[in-house]
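Novice:
4 protein chains.
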Amino acid sequence: MTGSTPGRHGTPRLRADAARNRAQILAAARIAFRESGTAVPLDEIARRAGVNIATLYRRFPDRDALITQVLLDGFTLVLDTARTAAKQAQTDPLTAVETFLQGLIDNRDLLSLPLIGGPMTNDPQAHELQREIASALEEILTEGRARQALRPDVTAVDLITTAALICRPLPHLPPQQATALATRHLGVFLDGLRPEHTRTLPPPPTHEEMAAHLVLENGSADTSTQP
Amino acid sequence: MTGSTPGRHGTPRLRADAARNRAQILAAARIAFRESGTAVPLDEIARRAGVNIATLYRRFPDRDALITQVLLDGFTLVLDTARTAAKQAQTDPLTAVETFLQGLIDNRDLLSLPLIGGPMTNDPQAHELQREIASALEEILTEGRARQALRPDVTAVDLITTAALICRPLPHLPPQQATALATRHLGVFLDGLRPEHTRTLPPPPTHEEMAAHLVLENGSADTSTQP
Amino acid sequence: MTGSTPGRHGTPRLRADAARNRAQILAAARIAFRESGTAVPLDEIARRAGVNIATLYRRFPDRDALITQVLLDGFTLVLDTARTAAKQAQTDPLTAVETFLQGLIDNRDLLSLPLIGGPMTNDPQAHELQREIASALEEILTEGRARQALRPDVTAVDLITTAALICRPLPHLPPQQATALATRHLGVFLDGLRPEHTRTLPPPPTHEEMAAHLVLENGSADTSTQP
Amino acid sequence: MTGSTPGRHGTPRLRADAARNRAQILAAARIAFRESGTAVPLDEIARRAGVNIATLYRRFPDRDALITQVLLDGFTLVLDTARTAAKQAQTDPLTAVETFLQGLIDNRDLLSLPLIGGPMTNDPQAHELQREIASALEEILTEGRARQALRPDVTAVDLITTAALICRPLPHLPPQQATALATRHLGVFLDGLRPEHTRTLPPPPTHEEMAAHLVLENGSADTSTQP
DNA sequence: TATGAATGAGCGTTCATTCAT
DNA sequence: TATGAATGAACGCTCATTCAT
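For the record, the sequence lines run as chains A, B, C and D.
Residues 1 to 227, numbered by full-length UniProt numbering, are exactly what the first sequence covers, in order.
Residues 1 to 227, numbered by full-length UniProt numbering, are exactly what the second sequence covers, in order.
Residues 1 to 227, numbered by full-length UniProt numbering, are exactly what the third sequence covers, in order.
Residues 1 to 227, numbered by full-length UniProt numbering, are exactly what the fourth sequence covers, in order.
1. Gln-125 (chain D) CB to nearest chain C CB: under 9 Å?
2. Can you tell me the Cα-Cα spacing of Arg-13 (chain D) and Asp-106 (chain D), whole angstroms?
3. Where do the ends of the alpha helix (DSSP H) carrying Val-97 (chain D) lie?
4. Examine chain C for any beta-carbon lying closer than 9 Å to the beta-carbon of Gly-37 (chain D), and answer yes or no.
5. Just how far apart, CA to CA, sit Tyr-57 (chain B) and Arg-20 (chain B)?
6. Considering Pro-124 (chain B), what are the terminal residues of the alpha helix (DSSP H) in which it resides?
7. Rounded to the nearest angstrom, how far is the Cβ of Val-70 (chain C) from that of Ile-133 (chain C), given a contact under 8 Å?
8. Return the chain-ordered list of same chain residues with a C-beta closer than 8 Å to the C-beta of Asn-52 (chain D), the five sequence neighbours on each side being excluded.
9. Closer than 7 Å, Cβ to Cβ, to anything on chain B: give me those residues from the UniProt domain "HTH tetR-type" (19-78) of chain A, in chain order.
10. Does the region 150-165 of chain D touch the region 185-202 of chain D, meaning 3 or more C-beta pairs lie closer than 8 Å?
11. Would His-172 (chain B) be called buried (16 or more neighbouring beta carbons within 10 Å of its own) or exposed?
12. Of all the options A:Thr-206, A:Thr-183, A:Ile-160 and A:Pro-61, which has the alpha carbon lying nearest to the alpha carbon of His-185 (chain B)?
13. Is any beta-carbon of chain A found at less than 9 Å from that of Gln-177 (chain B)?
14. Do the region 58-65 of chain A and the region 82-90 of chain A make contact, defined as three or more Cβ pairs closer than 8 Å?
15. Are three or more beta carbon pairs between the region 172-181 of chain D and the region 126-146 of chain C nearer than 8 Å?
16. The alpha helix (DSSP H) that contains His-197 (chain B), what's its start and end?
17. Would you call Asp-73 (chain A) buried or exposed, if buried means 16 or more other Cβ atoms sit within 10 Å of its Cβ?
18. Helix, strand or coil for His-185 (chain A) per DSSP?
19. Is it true that the CB of Arg-59 (chain B) sits closer than 9 Å to the CB of Arg-22 (chain B)?
20. Among C:Leu-111, C:Gln-130, C:Thr-142 and C:Asp-123, which one has its Cα closest to the Cα of Val-97 (chain C)?
21. Relative to the alpha-carbon of Gln-130 (chain B), which residue among B:Glu-35, B:Val-157 and B:Gly-144 has its alpha-carbon at the smallest distance?
22. Where does Gln-24 (chain D) land, buried or exposed, given buried means 16+ other C-beta within 10 angstroms?
23. Against chain C, with Cβ distances strictly below 9 Å, would Phe-189 (chain D) count as a contact?
24. Closest by CA to Glu-200 (chain D), which one among C:Pro-205, C:Val-188 and C:Ile-166?
25. Rounded to the nearest angstrom, what separates Thr-55 (chain D) and Pro-41 (chain B) at their Cα positions?
26. With distances taken Cα to Cα, identify the nearest neighbour of Pro-169 (chain A) among A:Ser-36, A:Asp-80, A:Gln-90 and A:Thr-95.
27. Nearest CA to the CA of Asp-17 (chain D): which residue from D:Leu-94, D:Pro-205 and D:Gly-50?
28. With 16 as the cutoff for other CB atoms within 10 Å, does Gln-90 (chain D) come out buried or exposed?
29. How big is the Cα-Cα spacing for Ala-164 (chain D) and Ala-182 (chain C)?
30. Closer than 8 Å, Cβ to any Cβ of chain B: which residues of the region 146-157 of chain A, in chain order?
31. Given that a residue counts as buried once 16 or more other Cβ atoms are within 10 Å of its Cβ, and exposed if not, what is Pro-93 (chain C)?
32. With a cut-off of 8 Å on the beta carbons, I'd call Leu-104 (chain A) and Leu-111 (chain A) a contact; round off their distance for me.
33. Looking only at its chain, what residues have a beta carbon closer than 7 Å to the beta carbon of Asn-122 (chain B), apart from the 5 residues adjacent to it on each side?
34. Less than 8 Å between the CB atoms is what I'm expecting for Arg-15 (chain B) and Ala-32 (chain B), so what's the real figure, rounded?
35. Is Leu-77 (chain C) helix, strand or coil when you go by DSSP?
36. Exposed or buried, which one is Pro-202 (chain B) when buried takes at least 16 other CB atoms within 10 Å?
Next comes the structure, spelled out in structure tokens:
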């Protein structure tokens, strides 16, 4: 995750203890955002991270900065997952989709924001990551259509939407069971991706409609507080 | 909706204006909970409803009472939808499932809490409604299995899970487009419900596991703040 | 003072207790601003006024609103003083100036902001009051020049500047002694206003220069914290 | 200014860079105190001085130490100005007063604290400087009374009071115009110092009253935040 | 009954000050 | 020595909740 990688060009390397604190803050934020939404008191994140609230503010000047970094880390993980999956596209496109979506389910805990909806960000890094994710998914779909291994009407946006839906927490369920339910749902969805017996899907939103809301780039981001 | 129906046994009939206020509060709460989570300031709900905050408190002694009522109204709507769908089960079980899930998508705005995750409630009315919903869905599934119109491994819990997933808001998207994407996802899912070409699903959580967490009764309820 | 006058057109009359609280808050603010500057903690103002901080916020949504009201009350008092003085202009213009300036010294405690510098305000009421103050002073000066009772090179701006200077607190001095020193200074200044033995004063800033900074209207307002 | 002179008896000579830092801190403090009051965040002073906050703390163990040094530098400047003026007393006492007061106006920017009100200090150096300032002014006044060039009822305290009044910033005015207005005010005041046509001034506070509050020594110092 | 008003408690954020490098 | 980092405490402001009208 780029977020915890110090020494990035232009930002001076963090001192060892500071870097540790920073990583702990991000880990705590990830959990807290997922459990209690992005409006969770920052005090609580600091407490979970074992640092003072002012230390959190030193690293992340405001809530948005913290959210954005969690978001970027999440997008990076999504991209890695998509690229890993894309390597399977030549062999078996449907399995590649499965690898992608199941990979995300397996990392649900790390994906609070990019998929279940963080605030929109205008961070250029985030946009770039979103573009690359979409590109990797298109690669899989193109191959799947060419081999008639996937129904042709499914788009990258549909996969991102699906990712957003199945990664959201099912509160009040222990993680293991929530994952089991999401995996079962995914199983049915994957069977529906076969090219046979396909019903006609309603037309997707046009690219213009989506672009206006950054959907392609930011599947399901949202500003609000959520679980 | 039972929530706004006065004269229920044991509660004195409300004066006309009081009943109107109560209904306006519930409508405002539904919208506000969906947009800003159940932690939204009660002031805001009162303002949107056009009443004083103290009036809201008179009707609903605390936040939980308000949430519970919104929840009950939502469960009632889900049950109505499930019963309507069940009538089609004799003719076409797969279409019945579609009717149920598409019906919920079409009423997403009214379903903030029961499906996208409101707080758990121990209200006995809620439990009864949840039981009846599950029962109506079982009716559809039983018929579907008997006619081999549905894959046999899908359960009522799976349908409730699916309902919970597809009804959640996709923030940052205008309602129309969010609905379009959810509907496309549902289309693929429904194709995956056919009995042919079914992959093996992982075993569902046992009834005991679920019961401990009220999942069957309360698909995806949660305590926290959410959109 | 307009600030404490309820029932103004458009704002509903305050309840009796609320009006009392409001007046106490304004009185406390006047004192605290004078003693500790406009950056004084609002908690302290609330405490001095004997109300809860939230009550203060209910009446004055932010610090600026409170400052502005104190400012308006002060300008109103300055205007009253100027008008009273102007009535003497026909008889004795120099005494009229003395009445004006001594009157302000005697009310120093009520004049923290308009003269010793509150933040600039764009409040139209304030502008109107400032205009009327300048006008009353011009009336005195015109009469004084006509009768050769005042040196002709002194302007309304000079009188406002003088007012600003002599009304500022001399911290660390008990009020009585500070007033005595200011009064002595004023005595010398008034002798300097006689038409005889006048040295040449440097040219005043042009009206354009002043207008750009609202000096004519707002003699010595300032944004910052001050004693 | 003594403040920036290293090598004073008892304090070890500072390394060159340390001395430069110290001077920069003092310069930044002078400006910041004037603009934003003595309560201005020390961070900001450090930033303006281009040093780390911890460096500031190494030089000045607390805010008071910094304030006191700025105060001492200011008193030194006032004393220099008074002594320069006193040399003219033999020739022209009224001009000597003018030289003193106009000299202070011209250095307003360097005089934030001693005249416009810094916190009281018990620093013995400050007391000594204040005593010497009063002494130089007395010299002028004595000469002026002897030659009947000045009204006899004006005291050194009056001159210090006047200095305090005319050196205060007139916020919201650009420096040039504020200086112009202060100079015009001074012009009238100086004309009022002539021995003719003098009205009776109220009695000055007794020396005892003043001594209790260090007025003679510290014309208008105050503890609070101010512009 | 409905409302304006008041309050206490909580969270966001900043700052003075100290510590580790 | 100078600095990055960490901390505790203060203050601004909002909100849930209760009281008086």
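Glycine included, each C-beta is placed from N, C-alpha and C at the ideal position.
A quick note: this is a predicted structure, and the numbers were derived from the prediction, not measured.
Specialist: In terms of the structure at hand:
1. no
2. 32 Å
3. 93-106
4. yes
5. 15 Å
6. 124-146
7. About 16 Å; that fails the 8 Å criterion.
8. Ala-46
9. Glu-35, Ser-36, Gly-37 and Ala-39
10. yes
11. buried
12. A:Ile-160
13. yes
14. no
15. no
16. Run containing His-197 (chain B): none; DSSP gives neither H nor E here.
17. buried
18. helix
19. yes
20. C:Thr-142
21. B:Val-157
22. buried
23. yes
24. The amino acid occupying residue 200 (chain D) in the given sequence is Thr; Glu does not appear at that position. Comparing Cα positions, the closest option is C:Val-188.
25. 46 Å
26. A:Ser-36
27. D:Gly-50
28. exposed
29. 11 Å
30. Arg-151, Val-154 and Val-157
31. buried
32. 6 Å
33. none
34. Incorrect: roughly 25 Å between the Cβ atoms, too far for contact.
35. helix
36. exposed
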